[in-house]
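Trainee: What follows is a single structure, and I will ask about it in a moment.
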Amino acid sequence: MSISHIVVDGSNIATEGRSTPSLAQLKEAVADLRREFPQVEVIIVVDATFSHRIEESERAEFDEIQSSGQVISPPAGALGRGDAFLLRIAEKSGATVLSNDSFQEFHGEHEWLFDTGRLLGGKGVPGVGWIFTPRTPVRGPKSRMSTKEARLRDKVGKKVAKAIQAATQEAVKPEAKTSGRKRRKRGVGPPPQAVNEPLAFVSFVAEHQLGSTVSGEVDGFVSHGSFIMVGGTRCYLPLSAMGNPPPTSARKVLTKGEKRDFVVQAFDAQRRGIELALPGFEAISGTPSAETVEAEIGHTSRIRRVLPKKAAGLTQNRNKVSETDANEGVDNLSRAMAKKSTTKKVAAKKVTAAKKAPAK
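Below is the structure:
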């Protein structure tokens, strides 16, 4: 693989073999790198705290180098120190990274680090100078965790994307104009036990990612958790996401009408539901917990039971007089039939007794 760009992990190279970074060591390494790769463009990246950790005597020189654009540092507030910023530069430019770090926490996001020629190691040898050699990132617990999380995010992303597509199509689908008697088609309509309307679910997923914090209001309680309203979207907070160990009742932790922050920990694409957690007790997952699914199904089932009962109540009041008259007529008919049946039985007994009388 031909190398056209090299991104130098300045903080790592400047600290190689030392406890604190040295600007002089970094300058020496970059000078040897340019001699070995004269046709390659070199980009030096250091983290935001680099100027505070080098020797005080080197700070004025570093400020001058940084002002001239020879050294780049990530913007203020960037996560992951300078590593995430450095890897994004290398990814977009197709550059090789010069670093003795394996970047384990980024293996799931930047799998290209394992491609041949994408990572160089460097070490200063007394009397010889800096030696650069291709290397492969070292895997470990952080690497496995990063890869697992990346696969989970990808899996969840595909499910959510599919759910968004289906919900969007349902939300924008024009109503069919029919005349005469309406026929109900199988497979048409919202999924069973849908918690939210398609537009509400799509909007929520578009605005909030897994692990993000949302502000919501406690709307009600069930046996295994609580329903939370985030804007116009109904979410569910299970007991398992309220503490460690979980409380025996949501009322011990929450108050109805209370407003507080929650963490988005799962999406239920099938029922258009969202599972939340209290900050510090979240467990980001690709699927909702069993208690969330049970609560969602129970909630929507209750709604569906109440509506038919109300409709039946109206019909019952409307037909109350006619039903009473009909019941009275049935009772009268039943009594008449019972009386007639009793009369026939008495007559039959008299005939039978007459036949069995012994002859004198």
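Going by our numbering, the first residue of the sequence shown is number -3, and it counts up by one from there.
Where is the CB? At the ideal position from N, CA and C, for every residue including glycine.
1. Between I50 and the ligand COA, is the CB less than 7 angstroms from at least one heavy atom?
2. Cβ atoms of F277 and T270: under 8 angstroms apart, would you say?
3. Cα separation between I127 and R30?
4. Compare the beta carbon distance of S208 and V214 with 8 angstroms and say whether it is the shorter of the two.
5. In terms of residues, what are the limits of the beta strand (DSSP E) holding R230?
6. Helix, strand or coil for F102? Go by DSSP, reduced to three states.
7. From which residue to which residue does the beta strand (DSSP E) around L82 run?
8. Looking at C-alpha atoms only, which residue of R230, G227 and I(-1) is the closest neighbour of S89?
9. If you count every other CB in all the chains shown that lies within 10 Å of the CB of N192, and 16 or more means buried, which is it?
10. To the nearest angstrom, how far is the alpha carbon of P25 from that of G125?
11. Out of R114, T283 and R230, point me to the one whose CA is closest to L206's CA.
12. With a threshold of 7 angstroms on Cβ separation, who are the neighbours of L19 within its own chain once the five nearest residues in sequence on each side are excluded?
13. Whole-angstrom Cβ separation of G212 and F258, contact assumed at under 8 angstroms?
14. Kindly give me the distance between the Cβ atoms of F200 and V226, rounded to whole angstroms, as I take these residues to be in contact under 8 angstroms.
15. Kindly indicate the opening and closing residues of the alpha helix (DSSP H) around L274.
16. Is it buried or exposed, T16, if we count other Cβ atoms within 10 angstroms and call 16 or more buried?
17. Is P130 helix, strand or coil when you go by DSSP?
18. Straight-line CA distance for A291 to S285?
19. Against chain C, does D28 count as a neighbour if the rule is that its beta carbon must be under 8 angstroms from one of theirs?
20. Return the residue from the list Q66, V41 and K119 that minimises the CA-CA distance to I85.
Mentor: Looking at the coordinates:
1. Only the bare structure without any ligand can be found here, which leaves the ligand COA out of the picture.
2. Here residue 270 refers to the residue found at position 274 when the sequence shown is read from its first residue. Here residue 277 refers to the residue found at position 281 when the sequence shown is read from its first residue. Reading off the sequence shown, one finds Ile at residue 270, where the question assumed Thr. Contact annotation: I270 and F277 have beta-carbon atoms that are not nearer than 8 angstroms.
3. Here residue 127 corresponds to residue number 131 of the sequence shown, with the count starting at 1. Here residue 30 corresponds to residue number 34 of the sequence shown, with the count starting at 1. Approximately 12 angstroms, taken between the alpha carbons.
4. For the purposes of this step, residue 208 is taken as the residue at position 212 of the sequence shown. For the purposes of this step, residue 214 is taken as the residue at position 218 of the sequence shown. Their beta carbons are not under 8 angstroms apart, which means S208 does not touch V214 by this criterion.
5. Residue numbering aside, residue 230 sits at position 234 when the sequence shown is read from its first letter. It spans T229 to P234 - the beta strand (DSSP E) in which R230 sits, taken as one unbroken run.
6. Counted from its first residue, the sequence shown places residue 102 at position 106. The answer is helix: DSSP assigns F102 an H, G or I state.
7. Translated into positions along the sequence shown, residue 82 becomes position 86. Segment D79 to S89 is the alpha helix (DSSP H) holding L82; no beta strand (DSSP E) there.
8. For the purposes of this step, residue 89 is taken as residue 93 along the sequence shown, with counting starting at 1. With distances taken between Cα atoms, S89 lies closest to I(-1).
9. If you number the sequence shown from 1, residue 192 lands on position 196. Flag for N192 reads buried.
10. For the purposes of this step, residue 25 is identified with residue 29 of the sequence shown, where counting begins at 1. For the purposes of this step, residue 125 is identified with residue 129 of the sequence shown, where counting begins at 1. Per the sequence shown, residue 25 should be read as Ala rather than Pro. C-alpha separation (whole angstroms): 8 angstroms.
11. Mapped onto the sequence shown, residue 206 falls at position 210. With distances taken between Cα atoms, L206 lies closest to T283.
12. Taking the sequence shown and counting its residues from 1, the one referred to as residue 19 is at position 23. A10, I50, E54, E57 and F58, listed in sequence order.
13. Sequence index remark: in the sequence shown, residue 212 carries index 216 (1-based). Sequence index remark: in the sequence shown, residue 258 carries index 262 (1-based). Sure, about 5 angstroms apart at Cβ, within 8 angstroms.
14. Residue mapping note: residue 200 aligns to position 204 of the sequence shown, counting from 1. Residue mapping note: residue 226 aligns to position 230 of the sequence shown, counting from 1. Separation of the CB atoms of F200 and V226 is rounded to 7 angstroms, and the pair is thereby assigned contact status at 8 angstroms.
15. As a working note, residue 274 is residue 278 in the sequence shown. Run containing L274: none; DSSP gives neither H nor E here.
16. Residue numbering aside, residue 16 sits at position 20 when the sequence shown is read from its first letter. Per the 10 Å Cβ criterion, exposed.
17. Here residue 130 corresponds to residue number 134 of the sequence shown, with the count starting at 1. Of the three classes helix, strand and coil, the one that applies to P130 here is strand, per DSSP.
18. Along the sequence shown, one-based indexing puts residue 291 at 295. Along the sequence shown, one-based indexing puts residue 285 at 289. Each residue's Cα considered, the two are about 10 angstroms apart.
19. Among the chains of the structure shown, chain C does not appear; only one protein chain is present.
20. Your numbering for residue 85 matches position 89 in the sequence shown. The residue with the shortest Cα to Cα distance from I85 is V41.
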